[in-house]
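Here the structure comes first, spelled out in structure tokens, and everything after it is commentary.
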Amino acid sequence: MASLGVNIDHIANVREARKTFEPDPVTMALLAELGGADGITVHLREDRRHIQDRDLNLLKETVHTRLNLEMAATEEMVSKAIYIKPDMVTLVPERREEITTEGGLDVIKYKQKLKDIIQELSDKEIPVSLFIDPLQEQLESSAEIKADWIELHTGKYATTKNLARVEELSILKECTTKAKSYGLRVNAGHGLTYQNVEQIAAIEGMEELNIGHTIISRALAVGLSQAVREMKELIINPRKHI
Ligand code: PXP
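Spelled out as structure tokens, the structure:
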């Protein structure tokens, strides 16, 4: 059965829209764990647009499940990972102008660089996952440079429909089986929702799904009425000593 890594970047997105103290992704990570998250995933971006260094430092102390640090393959981030020592690192491509991580890593093009980073992090006992598109040649290269995991990009599966989606699902299944045969462990994520997750979760050999946007959206939907009720109560019945 696949486990669930909850990506909490979107909580930090809301906080950073106001540059204030709430909502705090560190507190929310605890709530995600209470809800059954098997791990917490954060992406510390070069431009610090959502998760901040402070969040990462505190999460390292407070996460009791597993902390998965998503990051770009840069010297700055490798030093950060070695300092923080998360339970695992997921290397992702990063472009400043993108809204979210758009495609997988090109492991073939950056083979030597990624190999060196994997080696450097492994020397510090930090396992590494590579976020890749479900392509045979990317799998082979990931195994060649001794990644511990791959995370299969499910974006195309999530955005296609009907026959095209069936096709994407079978590609993801095939890639999972191939990757396992190469000795790689397999995670998946991106664009998974309450509507499309089950078929991915049911793939034989799938270890963990990293899911963010849909869970944070659902949290707003199921929590908003209660939040409004609480504010209304304060307005209707202000406490006397205030
Ligand atoms: N996995 C990776 C590597 C990602 O970059 C993201 C997005 O931050 C996710 C999973 C989660 O994607 P989503 O927010 O669409 O669930």
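Using the working numbering, read the sequence shown as starting at 1323 and increasing by one per residue. We put the beta carbon where it would ideally sit given N, CA and C, even for glycine.
{"Check": "Is the closest heavy atom of the ligand PXP to the C-beta of His1535 under 6 Å?", "Outcome": "yes"}
{"Check": "Quick one, which of Glu1459, Arg1340, Ile1362 and Trp1471 has its alpha-carbon nearest Val1429's?", "Outcome": "Glu1459"}
{"Check": "Report the option in Leu1356, Arg1507 and Ala1465 whose CA atom is closest to the CA atom of Lys1437.", "Outcome": "Ala1465"}
{"Check": "Where Leu1546 and Asp1470 are concerned, what is the direct C-alpha to C-alpha distance, given to the nearest angstrom?", "Outcome": "40 Å"}
{"Check": "Whole angstroms is fine: what's the gap from Thr1412's alpha carbon to Ile1557's?", "Outcome": "46 Å"}
{"Check": "According to the Cβ coordinates, are Arg1388 and Asp1375 closer than 7 Å?", "Outcome": "no"}
{"Check": "Three or more C-beta pairs closer than 8 Å, one from the stretch 1494-1513 and one from the stretch 1528-1535: is that the case here?", "Outcome": "yes"}
{"Check": "Using only CA atoms, which one of Ala1523, Glu1368, Thr1384 and Val1385 lies nearest to Glu1392?", "Outcome": "Glu1368"}
{"Check": "Starting from Thr1481 and walking both ways along the alpha helix (DSSP H), at which residues does that stretch end?", "Outcome": "Gly1477 to Thr1481"}
{"Check": "Smallest Cα separation from Ser1444: which of Glu1424, Asn1484 and Lys1407?", "Outcome": "Lys1407"}
{"Check": "Taking all protein chains shown into account, decide if Leu1506 is buried (16 or more other Cβ within 10 angstroms of its Cβ) or exposed.", "Outcome": "buried"}
{"Check": "Under the rule that 16 or more other beta-carbon atoms within 10 Å means buried, what is Gly1426, buried or exposed?", "Outcome": "buried"}
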